[in-house]
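J.: Residue numbers (the numbering used here), protein chains in the order written: chain A, 2 to 350; chain B, 2 to 350.
Glycine included, C-beta positions come from ideal geometry on N, C-alpha and C.
Below are the structure tokens for one structure; questions will follow.
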DNA sequence: ATGAAAGCGCTAACAC
DNA sequence: GTGTTAGCGCTTTCAT
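Next comes the structure, spelled out in structure tokens:
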């Protein structure tokens, strides 16, 4: 590849100084029209592509924001071995994080911001989130995707929005839904409309959002005078953990309902129940959380809590931009509305 | 936000030179263990986040690749006015480009590459693709998303993979399917299995891929001794253009089949036919191209050509990486296999 | 309206 | 094994 032409090449060809070249691009109105034309012509003729690295270094800003996400878990751990059967992986796309990412992308496009995507699985030792943070003016991260300590370190330098996270200090913001109350509402539906007496919970406590869901479930059952079975550990994206959790539930005897912390897990549960000759809602009620596309397409369609996923992503960008403009000194924690969506998996017709 | 600590701060605190700090991160094995520990401790304590701009400038490489995509057209042109009714926009996600992007993302993650996302709609005058190109070591672009001239300019400096584009010179690569033959196969199916006599074509000639599709259709009809109706201009993502194209088709009298250049357009056609009391395949056969998720979910499911979208994205990254490693001096044009997928919209049961 | 020059933070020879 | 130092390409005062 040819050496990339620089401002020096353009300046020389146009017969001006590099400062003039720079001004031509950054503040065209400050340059005489004919000078500007000469510079632009020179730039075109040498194929000038400004270096974002140099510009970023000089300006102290990159003009990009970052999105730090989970490693999908769709990548095979052993190359050549699919981590997930293609059919299932395909059926699940787009997941929660994909829909949120879409919102982030759309908002970035609308604002002319470049978006840097990063995720775990970097080969080196430094936390990958630090690497991404070094490339951008502000960072959005899914809670649980990066170590809280790393994120806090980053937040000391650039604004951070942790999706579904806790605000813990300066420069840290968050966008989320009221997970506890949403899960409580869903659980109340099962109790009051479907009269369940026993319910199992499948899920994880790895993030504040997940914890809130479990607590919303537990609290509601207790309020209804029912005794929740203990939580069975299961993680979205790790189907085996979900299957094992389900097996433990079944070993204790079929409950009236199986409440899952995410749609992704609920869909696995539906599949596994079917494989055992059981069917929702006839044999057991099943619910999810998130409102991903696959949830509505499932048979039966999942009863779930729909999160405003695109909106979550857009809002995160808005908060970041405000923070970059200096308005965001105060940590923001934005709670967006979610909605119960009744499918047939809970026994409703 | 506090001033970001630099190598100088870390070096001072650790009592070493900045070179040692640099080596500690880039080649840890070249540094004595205790020195390394001291540096890492110092870095941690000041919250050091290396500047990718400075590193990129010094190294001449950014460690990121770029993906330049269309502006979705889902953004309202007049703020506040949805460009597309939410229901339809949602139903269509993920589109062809989303699935390809997913492949790019997955491959980047697997390789520890950062991914820079860019698209049109930048507020300034310089082509947005130039801006993205300045930020990365290699660029993937959807054909038609950027002006060919800009892309060629970029390709003189960094390797470029134009998805579905033509290879026009050094540093330009492409990944695509055999659009002409695939469309021909689809058309032959309509002719030989369903015995169509008249067929209308809805689509665009804006990219080489689209042109090849039209030609494959036209050629096949002529070979079968049928006279194709002229192509009706319609663009995916611009629903109004598709609706108008359909109106022109209907004004000429209902053909046996309506062949669309993309699933996205075919889905609009199905909707609009329904709105006129017409139904595929009873009143007219309808086909698409791409194999997006919404195509299989449509009623009736679309007969279409399925592109290996995720694979296209992954392959593009592979080509770029090879080119960056210096193996890619020769322009590559990679043709991936596609497959006819029979739905019910063509009249098959 | 334009130019000179001092950085921006890091890397990589090269010297020690 | 570690330090010195010269850039990398651009922006941005400050002069002119």
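Using a C-beta cutoff of 8 Å, does residue 308 of chain B count as contacting chain A?
T.: Your numbering for residue 308 of chain B matches position 307 in the second chain. Not closer than 8 Å to any Cβ of chain A, the Cβ of residue 308 of chain B fails to qualify, so no.
J.: Keeping to the same chain, check which residues put their C-beta closer than 6 Å to that of residue 28 of chain A; ignore five residues upstream and five downstream.
T.: Here residue 28 of chain A is taken as the residue at index 27 of the first chain, counted from 1. Nothing listed; no residue qualifies.
J.: Sort B:42, B:4 and B:30 by Cα distance to residue 16 of chain B and report the nearest one.
T.: For this step, residue 16 of chain B is matched to residue 15 along the second chain. Considering only alpha carbons, the answer is B:42.
J.: Does the beta-carbon distance from residue 67 of chain A to residue 158 of chain A come in below 8 Å?
T.: On the first chain, position 66 is the one that residue 67 of chain A refers to. On the first chain, position 157 is the one that residue 158 of chain A refers to. In this structure, residue 158 of chain A does not lie closer than 8 Å to residue 67 of chain A by Cβ.
J.: Check whether the Cβ of residue 54 of chain B lies closer than 8 Å to any Cβ atom in chain A.
T.: For this step, residue 54 of chain B is matched to residue 53 along the second chain. By this cut-off, residue 54 of chain B is an interface position.
J.: So, helix, strand or coil for residue 312 of chain A, using DSSP?
T.: Your numbering for residue 312 of chain A matches position 311 in the first chain. Note: residue 312 of chain A maps to helix in three-state DSSP.
J.: Pair every Cβ in the stretch 218-225 of chain A with every Cβ in the stretch 178-194 of chain A, then say whether three or more of these pairs are closer than 8 Å.
T.: Yes: the two stretches touch, three or more of their Cβ pairs being nearer than 8 Å.
J.: Quick one: Cα of residue 286 of chain A to Cα of residue 311 of chain A, how far?
T.: Along the first chain, one-based indexing puts residue 286 of chain A at 285. Along the first chain, one-based indexing puts residue 311 of chain A at 310. Between residue 286 of chain A and residue 311 of chain A, the C-alpha separation is close to 28 Å.
J.: Residue 144 of chain B: which of B:264, B:206 and B:112 sits nearest, CA to CA?
T.: Indexing the second chain from 1 puts residue 144 of chain B at position 143. When only C-alpha atoms are compared, the closest one is B:206.
J.: So which residues of chain B does residue 63 of chain A contact, with C-beta pairs closer than 7 Å?
T.: As a first step, residue 63 of chain A must be located in the first chain, where it is residue number 62. Simply 54.
J.: What residues from the stretch 128-140 of chain A come within 9 Å of chain B, judged by C-beta to C-beta, listed N to C?
T.: Going along the stretch 128-140 of chain A in chain order, one finds 129, 131, 132, 133, 134, 135, 136 and 137 with a Cβ nearer than 9 Å to chain B.
J.: What residues of chain A sit near residue 48 of chain B, judged by a beta carbon separation below 7 Å?
T.: Here residue 48 of chain B is taken as the residue at index 47 of the second chain, counted from 1. Near residue 48 of chain B (Cβ distances below 7 Å), the residues of chain A are 154, 157 and 158.
J.: Helix, strand or coil: how does DSSP classify residue 98 of chain A here?
T.: Residue numbering aside, residue 98 of chain A sits at position 97 when the first chain is read from its first letter. Residue state, collapsed to three classes: helix.
J.: Mind pulling the chain A residues with CB within less than 7 Å of residue 184 of chain B?
T.: Indexing the second chain from 1 puts residue 184 of chain B at position 183. The contacting residues do not exist; residue 184 of chain B stays about 24 Å from chain A at best.
J.: Can you list, in chain order, the residues of its chain whose CB lies under 7 Å from that of residue 32 of chain B, leaving out five sequence neighbours each side?
T.: The residue given as residue 32 of chain B occupies position 31 in the second chain. Answer for residue 32 of chain B: 21, 24 and 25, listed in chain order.
J.: From the DSSP output, in three-state form, read off residue 190 of chain A for me.
T.: Here the question's residue 190 of chain A lines up with position 189 in the first chain. Of the three classes helix, strand and coil, the one that applies to residue 190 of chain A here is helix, per DSSP.
J.: Are any of the Cβ atoms in chain A nearer than 8 Å to that of residue 117 of chain B?
T.: As a first step, residue 117 of chain B is located in the second chain; it is residue number 116 there, counting from the start. Closer than 8 Å to some Cβ of chain A, the Cβ of residue 117 of chain B qualifies, so yes.
J.: Take the Cβ of residue 294 of chain A as the centre, count every other Cβ of all protein chains shown within 10 Å, and call the residue buried at 16 or more, exposed below.
T.: The residue given as residue 294 of chain A occupies position 293 in the first chain. Burial call: buried.
J.: Kindly identify the DSSP beta-bridge partner or partners of residue 239 of chain B.
T.: For this step, residue 239 of chain B is matched to residue 238 along the second chain. BP columns for residue 239 of chain B point to B:236.
J.: Unbroken alpha helix (DSSP H) runs of length 4 or more, entirely within the stretch 240-328 of chain B: which are they?
T.: Correct list: 240-252, 264-276, 294-298 and 310-325.
J.: Which term fits residue 300 of chain A, buried or exposed, when burial requires 16 or more other beta carbons within 10 angstroms of its beta carbon?
T.: Your numbering for residue 300 of chain A matches position 299 in the first chain. Exposed is the call here.
J.: Quick one: which chain A residues come within Cβ less than 7 Å of residue 106 of chain B?
T.: As a first step, residue 106 of chain B must be located in the second chain, where it is residue number 105. Under the 7 Å cutoff, chain A gives 118.
J.: Closest Cβ-Cβ distance between residue 57 of chain B and chain A: below 8 Å?
T.: Translated into the one-based positions of the second chain, residue 57 of chain B becomes position 56. So yes, residue 57 of chain B belongs to the interface.
J.: Say whether chain B places a C-beta atom closer than 8 Å to the C-beta of residue 142 of chain A.
T.: Taking the first chain and counting its residues from 1, one reaches residue 142 of chain A at position 141. Not an interface residue.
J.: Using 8 Å as the Cβ pair cut-off and three pairs as the minimum, do the stretch 327-341 of chain B and the stretch 111-120 of chain B touch?
T.: Too few Cβ pairs lie closer than 8 Å, so no.
J.: In whole angstroms, give me the CA-to-CA distance for residue 95 of chain B and residue 96 of chain A.
T.: Counted from its first residue, the second chain places residue 95 of chain B at position 94. Counted from its first residue, the first chain places residue 96 of chain A at position 95. Approximately 11 Å, taken between the alpha carbons.
J.: Could you give the DSSP three-state label for residue 163 of chain B: helix, strand or coil?
T.: On the second chain, position 162 is the one that residue 163 of chain B refers to. Residue state, collapsed to three classes: strand.
J.: Return the residues of the stretch 17-42 of chain B that lie within a Cβ-Cβ distance of less than 9 Å from chain A, sorted by chain order.
T.: Result list: 26 and 29.
J.: Hey, out of A:46, A:268, A:34 and A:3, whose CA is closest to residue 13 of chain A's CA?
T.: Here the question's residue 13 of chain A lines up with position 12 in the first chain. Out of A:46, A:268, A:34 and A:3, A:46 has the C-alpha closest to the C-alpha of residue 13 of chain A.
J.: Is the distance from the Cβ of residue 346 of chain B to the Cβ of residue 282 of chain B below 8 Å?
T.: In the second chain, residue 346 of chain B corresponds to position 345, counting from 1. In the second chain, residue 282 of chain B corresponds to position 281, counting from 1. Yes. Within cutoff.
J.: From residue 11 of chain B to residue 18 of chain B, what distance separates their C-alpha atoms?
T.: Counting from one through the second chain, the residue named residue 11 of chain B turns up at place 10. Counting from one through the second chain, the residue named residue 18 of chain B turns up at place 17. Using only the alpha carbons, I get a separation of about 9 Å.
J.: What are the residues in the stretch 290-324 of chain A lying within 9 Å of chain B by C-beta distance?
T.: For the stretch 290-324 of chain A, which is checked against every Cβ of chain B, the residues closer than 9 Å are 294, 298, 311 and 324.
J.: Is there a Cβ of chain A sitting closer than 8 Å to that of residue 84 of chain B, yes or no?
T.: In the second chain, residue 84 of chain B corresponds to position 83, counting from 1. Unreliable positioning characterises residue 84 of chain B in this predicted model, as indicated by a pLDDT of 44, which lies under 50. A coordinate reading is not provided.
J.: So for residue 205 of chain B, helix, strand or coil by DSSP?
T.: For the purposes of this step, residue 205 of chain B is taken as residue 204 along the second chain, with counting starting at 1. DSSP places residue 205 of chain B in coil when its eight states are reduced to three.
J.: If we count the other Cβ atoms within 10 Å of its Cβ and call it buried at 16 or more, is residue 1 of chain B buried or exposed?
T.: Because chain B spans 2 through 350 in this model, residue 1 of chain B falls outside it and cannot be assessed.
J.: Would you report the Cα separation of residue 181 of chain A and residue 262 of chain A, rounded to the nearest angstrom?
T.: Position 180 of the first chain, counted from the start, is the residue given in the question as residue 181 of chain A. Position 261 of the first chain, counted from the start, is the residue given in the question as residue 262 of chain A. Computed Cα separation, rounded: 11 Å.
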